[in-house]
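A quick write-up on the structure given underneath.
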Ligand code: SF4
Ligand code: SF4
């Protein structure tokens, strides 16, 4: 075991070692929050199409009741996190990269916590894999590591492509966050059960679970829980950001690389997060849909950082208040981890399925804002987990040479921010890449639109031409007909005249 | 320019100024030791060179209406002056330092676009320019005469040497060729390497502690090595360039010395007698003028080393580091273009293509 750790570490050339600051929140156990008075449940908490509300204002809902159905293939339903009355359905601020409000169902909690009738399968392992995936889909489970991709879709893909290994991601490489850490320490058996259920649902043989070595307690708890199952192997991973990225985890755990244009399934694996495994366990053993999650509340401006179990839709402000509130001014609010998290304009947004953390950072924790020129030190190259040359790409992007940047691998960039993190010149590299990728998408869309416009115009001019041609032909035809008719008439007249003349002459 | 808040919301506590500060810290013991060895003239020359580099940087940035104070605070100009001073003969007149620094900062660095944009290492380009323009001043070396020692110059005498060019009595007795220069001259006179080394009276032990004529940066090999190792340990520089450069000199030196000891210097002398260690750890590893990838750095470093050995062995100048580094600087863009790392998930040949 030791030997392998050492080898892994030696082979690992990418990544950065951000200051963990996990001790801020991981000392105390998970606190289940008291019920807030109102919940705002967004319809778009996942990758894909938003869910479609199927409740009306004024309607009473029970805890766990489906309040919005999935729309389209890649989508997830949404459930009422508690019992109460729907008081509004409309746009509400939500943590979304676009910064735009999202259609949200607001519920006044009645405090009764009255569940819908749950109907868990008596033995989920007796069900067919497809049936398990369907139940996971019904429970609204999405990837809880941050990607929020609907889990059932991923599982169906895994089953179709016959993956051999289920990889379970317990790396939690983002600084500050310790929600997965606490979950593994406190609910390891449930996670392991969830892992086994997913294994059954995707038809995998083995399970490989990786946990970074800065979480020894979690690793020990998981080892113990997994001990009865010979098909589960736990691996201690070096602490390195971004270990939790699917591609990097696969590389470290299996030694294989996902092809640039491929998916995990192409190398025979499927990756799920530990929190997702826990949610699957809850759904398949107890029939409970995904209505709550563990959130790390931390940052220098939070008085008493810790992990809380919060209902989906709970205002972020409520979480911070329950953790002692803010001490003084926080310089930046972030949802998720500091490396890839989303800046929040205010705490008036709800917790959603993908909210792993709510951070209130003070000024000393933030990067300095003024970039200086690149000194070509190559630190970003060393840090990049995809082996890109960030400084070269950003130089191209700054001069507008997007195509050259694409040639250097812009499309492979994870926008993980490792390069920006280490850059001594404080150049916002990953920000450039994010921007450039947006620009590319826009461009592609534009080209598509222009293509289609061009096609329409071409079709129209062709149609016009055809019309004109047909008209001209018709006119010509008519003219010819008229002329023929005239000629015939003339001929007839001439014949008549001739006949008459003949008659007259013969007379 | 103001950036909106965006991820990552955290940053390693690193900045260019901090990196340069570490480099200076790593240079300090060797510099102080050399000051002690060569006395006041060396101190004056160093101060003049560093100050004029800083002054030139400040002036140019002002002229271009950039934030001069901030530009200066990153420490790159001071470091350029410092490195240049370490490669000059310690008793060279003050104007050598000034001309060198101004040339390094204005022509080699700022004309190319300033920090990080220069193709050539400013200190080394200035060193070569000086050598070509002022061959006498640049090749007059003195042996060490430690401060406060018997034959040492006083403050005033030192100032006379640096600022007025008034050499003390018995100056000729003090001048001495550098080890490498001496061996080269003797070889042209048909005297073989061991005899030349013997007549120079310089054992490796003396070289190890810098008791031989040379520039400030050629004296304290051990202290420089310690500083370089510190920089690698602190991840200020990576090991690739220094190690490859040392290998580039030492491998051919060992091979050829074994083959013909009469004609080829041994590896130990190569390592300790010239500016190799300074060059490997502090000059070739300058980030702006060296490749950004690990493989590129290995190639670059080895190239520098090999060139040093070739120039020392067959070239016209005994001190080769400056030429070698400048030559390899010219290849940096090419190396960075063709030695790209293989991108994750791509087949190996992608590395050689620049466009999809
Ligand atoms: S880390 Fe920053 S300064 Fe260094 S090469 Fe990359 S972009 Fe340039
Ligand atoms: S953001 Fe992109 S370029 Fe930067 S380290 Fe991550 S993958 Fe590499």
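Residue numbers (the numbering used here), protein chains in the order written: chain S, 297 to 803; chain B, 379 to 734. Where a beta carbon is used, it is the ideal one built from N, C-alpha and C, also for glycine. Fair warning: this is a prediction, and the values are worked out from it, not measured in the lab.
Any Cβ of chain B closer than 8 angstroms to the Cβ of residue 628 of chain S would place that residue at the interface, and such an atom is present. Taking C-alpha positions only, residue 628 of chain B is separated from residue 655 of chain B by approximately 12 angstroms.
Taking the beta carbon of residue 690 of chain B as reference, no residue of chain S falls within 8 angstroms; the closest one sits roughly 28 angstroms away.
Restricting attention to alpha helix (DSSP H) runs no shorter than 4 residues, the segment 480 to 566 of chain B encloses them at 500 to 511, 513 to 516, 533 to 537, 549 to 552 and 557 to 566, ordered along the chain. Listed as beta-bridge partners of residue 359 of chain S by DSSP are S:411.
Residue state for residue 312 of chain S is assigned as strand, using DSSP reduced to three classes.
Annotated three-state conformation of residue 680 of chain S is coil, per DSSP. Distances from the CA of residue 620 of chain B to each of B:607, B:630 and B:631 were compared; the closest alpha carbon is that of B:607. At a C-beta separation below 8 angstroms, residue 665 of chain B has these neighbours in chain S: 671, 672, 673 and 674. Taken residue by residue, none of the segment 597 to 625 of chain S has a beta-carbon sitting less than 7 angstroms from a beta-carbon on chain B. The alpha helix (DSSP H) runs of length 4 or more contained entirely in the segment 623 to 662 of chain B are, from start to end of the chain, 645 to 651.
Here residue 748 of chain S carries a helix assignment [DSSP, helix/strand/coil]. Residue 390 of chain B belongs to the set of residues whose beta carbon lies under 8 angstroms from a beta carbon in chain S. By the criterion of at least three beta-carbon pairs nearer than 8 angstroms, the segment 755 to 772 of chain S is not in contact with the segment 718 to 728 of chain S.
Those residues of the segment 678 to 700 of chain S placed with their C-beta closer than 8 angstroms to a C-beta in chain B are 678, 681, 682, 683, 684, 685, 687, 688, 699 and 700, ordered along the chain.
Assigned with DSSP and collapsed to three states, residue 600 of chain B falls in helix.
Interface with chain S (8 angstroms Cβ-Cβ cutoff): residue 493 of chain B is included.
In terms of Cα proximity to residue 334 of chain S, the closest of S:380, S:543 and S:697 is S:380. Taking the CA atoms as reference points, residue 472 of chain S sits about 38 angstroms from residue 492 of chain B.
Chain order is used for the residues whose beta-carbon lies nearer than 6 angstroms to a heavy atom of ligand 2, namely S:679, S:680, S:681, S:682, S:684, S:686, S:709, S:710, S:711, S:712, S:713, S:714, S:715, S:725, S:726 and S:729. DSSP places residue 706 of chain B in no beta strand (DSSP E) but in the uninterrupted alpha helix (DSSP H) bounded by 699 to 716. Judged by the Cβ position, residue 661 of chain B fails to qualify as a neighbour of ligand 1 at the 7 angstroms threshold, every heavy atom of the ligand being at least this far.
Excluding its 5 nearest sequence neighbours in each direction, residue 564 of chain B has C-beta neighbours in its own chain below 6 angstroms: 574, listed in chain order.
Look at residue 718 of chain S: its C-beta is under 8 angstroms from a C-beta on chain B. Closest by C-alpha distance to residue 597 of chain S, out of S:789, S:630 and S:438, is S:630.
According to the DSSP assignment, residue 497 of chain S belongs to the alpha helix (DSSP H) that extends over 484 to 498. Between the alpha carbons of residue 536 of chain B and residue 422 of chain B lies a distance of about 8 angstroms. By the Cβ rule, the segment 318 to 330 of chain S does not count as touching the segment 384 to 400 of chain S, because fewer than three pairs are nearer than 8 angstroms. In the structure shown, the three-state DSSP call for residue 448 of chain B is helix. Contact with chain S is absent for residue 619 of chain B, since none of that chain's Cβ atoms lies less than 8 angstroms from the residue's Cβ. Fewer than three Cβ pairs drawn from the segment 443 to 450 of chain B and the segment 512 to 530 of chain B lie within less than 8 angstroms of each other, which leaves the two stretches out of contact. The beta carbons of residue 484 of chain S and residue 518 of chain S sit about 5 angstroms from each other, so the pair counts as a contact at 8 angstroms. Under the 8 angstroms criterion on CB atoms, residue 722 of chain B is classed as interfacial with respect to chain S. Your pair residue 687 of chain S and residue 676 of chain S checks out as a contact, with CB atoms roughly 5 angstroms apart and the cut at 8 angstroms.
By the neighbour-count criterion, in which 16 or more other beta carbons inside 10 Å mark a residue as buried, residue 793 of chain S falls on the exposed side.
At a beta-carbon threshold of 7 angstroms, the residues of chain B lying near residue 554 of chain S are 723, ordered along the chain.
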